[in-house]
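Start counting the sequence shown at -6; every next residue gets the next number (our numbering). Right, one structure below, let's go through it.
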Amino acid sequence: MPRASAPVAASHGSHNNAYNPPRQVEVYTLPDAANAAIPADIRSQFHTDEYGRIIFYTAPPLDLNPIPEDKQHLGHSLKYLAERVRRKEELEKKRKARAAELEAEVEERTKRIKADEEATKRFLLEAQVKTVEAWCEKMNKGTEELYRG
């Protein structure tokens, strides 16, 4: 049985996901009375216009770097460098512990192999001695039977 196709409701020209450029940054100032109520030392911490009024923006400024460029030196923070040294020491300690553990494991394995070899030698030697003793005893019995008979 053929399926009925759904009717197309909207055309391709009416998309709601079109690019909306960001809004322009708007600047606001406080009224003079409100601005005067703020102490000067606090007012100096904010951006001000040419009349000394605090400026408020609808978007944060793009340059958020509080360190002036002439004072800025490229490099890592002291916290990062200290953490890096601590991590390096920790890894070195772990590496040494692992090396000592592996060395002890190898030493233990070597001792076990030597003990196994020694036990095998002892077993073979005892088996040879028993075999020779049994052979000698059998020879002695055979010799005695020859002289009796």
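Built from N, CA and C at the ideal position, the CB exists for glycine as well.
For the alpha helix (DSSP H) containing T113, list its first residue and its last residue.
-> 71 to 141 is the span of the alpha helix (DSSP H), which, as asked, contains T113.
Where DSSP assigns a beta bridge to I48, which residues make up the other side?
-> T22
Measure how close the beta-carbons of I47 and L23 come, nearest whole angstrom, since I'm counting them as under 8 angstroms.
-> The Cβ separation is near 6 angstroms, so the contact holds.
Check whether V20 and F49 have beta carbons under 9 angstroms apart | Between V20 and F49, the CB-CB gap stays under 9 angstroms.
Cβ distance (whole Å) where T41 is taken to contact V18 below 8 angstroms = That pair is no contact at about 17 angstroms.
Just the Cα atoms here: how many angstroms apart are G36 and R79?
-> Here residue 36 turns out to be Arg, not Gly, going by the sequence shown. Whole-angstrom Cα-Cα distance: 42 angstroms.
Residue closest to N28, alpha-carbon to alpha-carbon, out of I106, Y12, G45, N13 | Nearest C-alpha to N28 among I106, Y12, G45, N13: G45.
Alpha carbon to alpha carbon, how far is L118 from T124?
-> 10 angstroms
Start-to-end residues for the alpha helix (DSSP H) that takes in D34 | From DSSP, the alpha helix (DSSP H) with D34 extends over 33 to 36.
Taking the Cβ atom as the reference point for each residue, do H69 and R77 lie within a distance shorter than 9 angstroms?
-> yes
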